[in-house]
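No gaps in the numbering here: position 103 of the sequence shown is 106 in this note's numbering, and each next residue is one more.
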Amino acid sequence: MHTETLAVHAGRKVDPATGAVMTPIYLSTTFERKPDGSYTEGFVYTRSENPNRRALEEALAALEGGEVAAAFASGQAATLAVLQALAAGDSVGSPHVIIPEDTYFGTRKLALEVLAPWGLQASAVDMTDLDQVRAAVRPTTRLIWVETPSNPLLKITDIAAVAEIAHAAGARCVVDNTWPSPILQQPLALGADLVMHATTKYLGGHSDLLGGALIARAPDDFFARIRTVQTTGGAVPSPFDCWLLLRSLRTLPYRMAAHCGHARRVAEFLAGHPRVAVVHYPGLPSHPGHAVAARQMQGFGGMLSIQVVGGAAEAMAVAGRVQLFTRATSLGGVESLIEHRASAEGPDSPTPPNLLRISVGLEHPDDLIADLAQALG
Ligand SMILES: Cc1ncc(COP(=O)(O)O)c(C=O)c1O
């Protein structure tokens, strides 16, 4: 089936009790046992499983080309579950993970800080340089975490090449596919073992829900440990958020096509602007990762970042003058956002101080360009 068709039908079934065409919201936290002790449809307690979460997980697995999925209360909860599943006994001694040096700062914090007291070892490398990835591998390396395009520099990592390095080392390759979404990039087909999403972003698409997901090629032992962390740890999304997210998935292919088209127009405009020193957008032929991106992506996405001529003050001033864009963190919604990223990441941020991260929304690109033009001056 084509992606557009899958997006509409995956995880959807007509409600047998009422004939409702769309899945109703099942808010009940608990489910009745029959006299013989069994459960109708296998639902027991909503932390373990819920009809809305099951429908959502089926749809997410179908869209990513995986067999199974686990939905979480946020992207961070999903990332933490991967690392906790590792720590649950995947290696002799402390497991070691390799992460990209410019990965989403929350991922870096979990790997380098939060789980360090539990014995997790982590190395951050420039993952666009495969030699650096190979050099970072240790006998205890159990996982290589990929994020491409990266947040916020939009560096492109060759997923197939890193998956090969991981497998040769006896490790797993996990890809944070939040920015491209399954519409623009399918890591499992490129050799990755697990896909992670902050569904808060493009999959939700309207800046009104928080969620995360993990999708695996197969229900193997590692996925079983993830499932245990999900259902026992309890960082699960509410039935309403599952329903809302599934509703958003129905339009994902069309939203992504528009995000890509609009971002390309905005990137081309910014690339020709004298007050913009650098545009980071993999769709531009001048981007160092353009060739790899063109090979492994079906579109270049709706995110870009720019480095304004000058420093932090000049970048802040540009963000301060926008009228149509909203100054806010996050991304992937229908509305365009602009953010001074280094100040959002905090004092230890490695992000260039003159960088503005832009999430290009679904407004008409001419209006977005006009707003950036007046803001840049
Ligand atoms: C690439 C990426 N991964 C993970 C996350 C974390 O997701 P959440 O905020 O839903 O926990 C984000 C959030 O911005 C992100 O951009």
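Backbone N, C-alpha and C define an ideal beta-carbon position, used for all residues, glycine too.
These figures come from a predicted structure and were not determined experimentally.
| Asked | Found |
| --- | --- |
| Exposure label - Arg230; buried when at least 16 CB within 10 Å | buried |
| Per-residue DSSP class, three states only, for Trp182 | coil |
| DSSP beta-bridge partners of Tyr42 | Arg36 |
| Member of Ser308, His12, Tyr42 and Ser51 whose CA lies at the smallest distance from the CA of Ala238 | Ser51 |
| Candidates Arg253, Thr8, His200 and Pro155: closest to Gln448 by CA position | Outside the modelled stretch of the chain, which goes from 4 to 380, sits residue 448, for which no answer is possible. |
| Coarse secondary structure for Ile159, derived from DSSP in three states | coil |
| Residue burial classification, Pro183 (beta-carbon count within 10 angstroms, cutoff 16) | buried |
| Rounded C-alpha distance that separates Arg268 from Asn154 | 20 Å |
| Cβ separation of Ala127 and Pro103, assumed to be a contact under 8 Å, to the nearest whole Å | 7 Å |
| Segment contact, 8 Å Cβ cut-off, at least three pairs: the segment 4 to 20 with the segment 247 to 259 | yes |
| Three or more C-beta pairs below 8 Å linking the segment 240 to 247 and the segment 104 to 112 | no |
| Three or more C-beta pairs below 8 Å linking the segment 171 to 181 and the segment 321 to 332 | no |
| Where the beta strand (DSSP E) containing Arg250 begins and where it ends | No beta strand (DSSP E) holds Arg250; the alpha helix (DSSP H) holding it covers Pro242 to Leu252. |
| Beta-carbon gap between Val295 and Ile147 smaller than 8 Å | no |
| Identity of the residue in Pro368, Gly207 and Leu86 nearest Gly215 by Cα | Gly207 |
| Helix, strand or coil at Phe75 [DSSP, three-state] | strand |
| Ser251: CB within 7 Å of a non-hydrogen atom of ligand 1 | no |
| For Leu365, the nearest candidate out of Leu115, His209 and Gly313 (CA to CA) | His209 |
| DSSP bridge partner residues for Ile218 (one or two, in chain order) | Ala72 and Val198 |
| 6 Å Cβ shell around Thr26 - same chain, five flanking residues per side excluded | Ala58 |
| Between the CA atoms of Arg56 and Leu212 - distance to the nearest angstrom | 14 Å |
| Alpha-carbon spacing of Gly264 relative to Pro355, whole angstroms | 27 Å |
| Where Ser308 falls: helix, strand or coil (DSSP) | strand |
| For Gln299 and Ile162, believed in contact at Cβ under 8 Å, the rounded distance | 6 Å |
| Inter-residue Cα distance where the pair is Tyr29 and Glu271 | 46 Å |
| C-beta atoms of Val198 and Val165 nearer than 8 Å | no |
| Distance cut-off 7 Å: Asn154 Cβ against heavy atoms of ligand 3 | The ligand content of the structure shown is limited to ligand 1, which means ligand 3 is not among them. |
| Nearest-angstrom beta carbon gap, Val312 and Val279 [assumed within contact, 8 Å] | 7 Å |
| Beta strand (DSSP E) runs wholly inside the segment 116 to 170, at least 3 long, in chain order | 124 to 128 and 144 to 150 |
| Minimum length 4: unbroken alpha helix (DSSP H) runs contained in the segment 335 to 373 | 344 to 348 |
| Chain-order list of residues whose beta-carbon lies under 8 Å from that of Ala23 (same chain, five-residue window excluded) | Val17 |
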